[in-house]
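Peer 1:
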Amino acid sequence: MKDIYEMINDIEIDESEFIEMEVDEVEVKRVKNSLRKNIKKSNKSRGKWIAAASIASTVIITLGISFPTYAKQIPIIGNIFEVLEDSIYKNYKENANEINVTKESNGVSITVNDAIFDGTNITLTYTIESDKDLGETIRLWDRVKIKEYEHSGSTTSPNFIKVADNTYVGQENINIFDLVQNPRENIEFTLDINGIVNNDDMSEIKGKWKFDISLEATKGETIVVNKSVEKEGVTATIDRLTLNPMSIFLAFSQSVSKEVSDKYDGIMMELEVKDELGNIYLSDEHGSTGDTEFNLSSSITIEKVREEASQLIITPKVILKNLGEVRYVEQEAKDGKTGETHIGVTEAYDCIEVKEIILDDIIVDLNKKAQ
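The opening residue of the sequence shown carries number 0 in numbering that gives the first Met the number 0; numbering runs sequentially from there.
#1: I need the DSSP call for Asn172, collapsed to helix, strand or coil.
#2: Considering Cα atoms alone, identify which of Glu355, Ile115, Leu133 and Leu319 is closest to Ile173.
#3: Rounded to whole angstroms, what is the Cα-Cα separation between Ile247 and Val228?
#4: Check the Cβ-Cβ distances between Phe116 and every residue of chain C, and say whether any is below 8 Å.
#5: Taking buried to mean at least 16 other C-beta atoms within 10 Å of its own C-beta, is Asp211 buried or exposed?
#6: Spell out the partners DSSP gives Ala250 in its beta bridges.
#7: Do the segment 212-220 and the segment 171-185 make contact, defined as three or more Cβ pairs closer than 8 Å?
#8: Spatial neighbours of Thr124 within its chain, please: CB distance less than 6 Å, with the 5 preceding and 5 following residues excluded, ordered by chain position.
#9: Is it true that the segment 193-200 meets the segment 145-154, where meeting means three or more beta-carbon pairs spaced less than 8 Å apart?
#10: Quick check on the DSSP output: what are the complete beta strand (DSSP E) runs of length 3 or more inside the segment 179-221, in order along the chain?
#11: For Tyr409, which of helix, strand or coil comes out of DSSP?
#12: Going straight from the alpha carbon of Asn90 to that of Thr291, what length do you get?
#13: Could you tell me whether the segment 352-361 touches the segment 314-323, using the rule of 3 or more Cβ pairs below 8 Å?
#14: For Lys226 and Ile361, I'd like the C-alpha separation in whole angstroms.
#15: Output needed for Asp177: all residues of its chain with C-beta closer than 7 Å, excluding positions within five of it in sequence on either side, in chain order.
#16: Could you tell me the distance, in whole angstroms, from the CA atom of Thr237 to the CA atom of Ser282?
#17: So what does DSSP say about Lys161, is it helix, strand or coil?
#18: Taking the beta strand (DSSP E) that Val259 falls in, what are its first and last residues?
#19: Beta strand (DSSP E) containing Phe116: first to last residue?
#20: Give me the Cα-Cα distance between Val344 and Arg326, rounded to the nearest whole angstrom.
#21: Rounded to whole angstroms, what's the CA-CA distance from Met267 to Ile301? Just pull it up for me.
#22: Alpha carbons only, please: which of Glu307, Glu275, Met245 and Gly323 is nearest the one belonging to Ala95?
#23: Hey, how far is the Cα of Gln253 from the Cα of Thr166?
#24: Please list the terminal residues of the continuous beta strand (DSSP E) segment that includes Lys303.
#25: Give the secondary structure of Asp177 by DSSP, where H, G and I count as helix, E and B as strand, and everything else as coil.
#26: Report the three-state DSSP secondary structure of Val328 (helix, strand or coil).
#27: Could you tell me the alpha carbon to alpha carbon distance between Gly232 and Asp274, rounded to whole angstroms?
#28: Would you list the residues sitting across from Thr378 in a DSSP beta bridge?
#29: Flag this pair as yes or no: are the beta carbons of Ile204 and Leu276 separated by less than 8 Å?
#30: Please name the residue or residues paired with Lys131 in a DSSP beta bridge.
#31: Assuming contact is defined by CB atoms lying nearer than 8 Å, are Leu242 and Ala308 in contact in what I supplied?
#32: Quick one, which of Thr119, Glu306 and Ile313 has its alpha-carbon nearest His285's?
#33: How many Å lie between Asp359 and Val304 at the Cα?
#34: Which of the three DSSP states, helix, strand or coil, is assigned to Lys320?
#35: CB-CB under 7 Å to Ile313, same chain, minus the five flanking residues each way: which ones, in chain order?
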């Protein structure tokens with residue numbers, strides 16, 4: 000079986016159908032940031048603002064993962080994906096473990112091609128081949144059972160693209176909550192895939208694809224930061240970051256005063272990360288855990304730090320929101336099992352107040368390696 004990246008390279012695109020456009024670096028950055036924000040916005044809901052993820056639950060969050068070799072063959076968006084290629088997962092392949100194990104069920108073969116573990120997160124790549132079309136966009140119904148951490152919560156961020164008739168490739172990132180503050184040097188887990196869902200009509204192909212995988216963590220250097228900044232009752236703390244061969248893992252936490260929690264319905268904190276040379280770093284958000292709706296521990300993965308950089312400058316940005324009264328909206332839905340369409344009712348809220356707070360910078364000296 001071909002390597003996942005070789006399969007993408009084999010795709011033929013008629014470039015005469017597209018128009019090439021040149022843009023400067025400023026425009027590239029603007030479009031890149033807009034793209035990233037739109038990816039995140041597609042998954043936000045009231046729960047994003049007021050519900051902490053339970054440690055005992057599994058949350059599925061769809062975030063964008065690019066396949067730049069494929070995308071570069073499309074001239075009109077080539078520049079955007081050139082930026083993404085030199086970003087979060089740019090050194091993925093050279094640091095990954097080749098798995099290349101295939102399981103078949105119900106006319107569908109699923110291959111786990113590569114895997115990598117950074118001490119907290121697992122990243123997997125897949126090839127899926129079917130005897131019939133599964134749809135233009137798909138996702139997996141899967142569950143990861145980690146030895147010694149069977150009850151840990153996790154978030155999963157998958158992305159799959161169709162590369163040929165009945166053939167798909169994809170990447171999935173799994174963040175394990177219990178390992179955010181206590182990373183491991185190795186991990187053993189079972190990946191149970193029970194179905195493949197067509198995102199267009201919500202139909203599902205059921206099956207049993209089970210993989211047992213063991214991984215050693217990539218070698219990284221950890222910097223214990225433990226620096227906090229506070230403004231208007233909101234506190235942000237950078238706990239630690241780990242410099243890996245392919246990316247940076249950053250753990251942070253947030254807390255608010257009683258006055259803030261009494262006044263607002265929800266909070267969202269984002270981190271802007273740049274270095275002293277002015278380079279801005281892209282990041283992927285993982286889940287959050289906490290014992291209240293406002294006091295949370297979170298983590299992100301950031302693209303690999305530039306070799307010439309000696310400092311990271313982290314700027315916490317907070318958005319506080321108040322929501323109006325609940326509204327019940329009729330929404331058409333399709334039953335994935337029966338294919339029947341029915342009208343359901345979903346909750347909706349109007350945002351009636353928004354407040355943004357930008358906290359002071361936290362500076363991390365990259366030459367101060369603690370572990």
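Note that the Cβ used here is the ideal one computed from N, Cα and C, for glycine as well.
Just so it is clear, the structure is predicted and the values come from calculations on it, not from any experiment.
Peer 2: With the structure as the only source:
#1: strand
#2: Ile115
#3: 21 Å
#4: The structure shown contains no chain C; it is built from a single protein chain.
#5: exposed
#6: Arg239 and Ser298
#7: yes
#8: Ile3, Asn112, Asp113 and Gln170
#9: no
#10: 185-197 and 203-215
#11: Nothing about residue 409 can be reported from this structure: the residues present for the chain run from 0 to 370 only.
#12: 37 Å
#13: yes
#14: 7 Å
#15: Tyr148 and Ser151
#16: The amino acid at residue 237 is misidentified as Thr; the sequence shows Ile. Taking the straight line joining both Cα atoms gives about 15 Å.
#17: strand
#18: Unbroken run through Val259 is the alpha helix (DSSP H), Lys257 to Lys262; no beta strand (DSSP E).
#19: Val107 to Phe116
#20: 10 Å
#21: 18 Å
#22: Met245
#23: 43 Å
#24: Per DSSP, Lys303 belongs to no beta strand (DSSP E) and is neither H nor E.
#25: helix
#26: strand
#27: 27 Å
#28: Since the first and last residues shown for the chain are 0 and 370, residue 378 lies out of range.
#29: no
#30: Beta-bridge pairing links Lys131 to no other residue.
#31: no
#32: Thr119
#33: 21 Å
#34: strand
#35: Ile237, Leu270, Val272, Asp360, Ile361 and Val363
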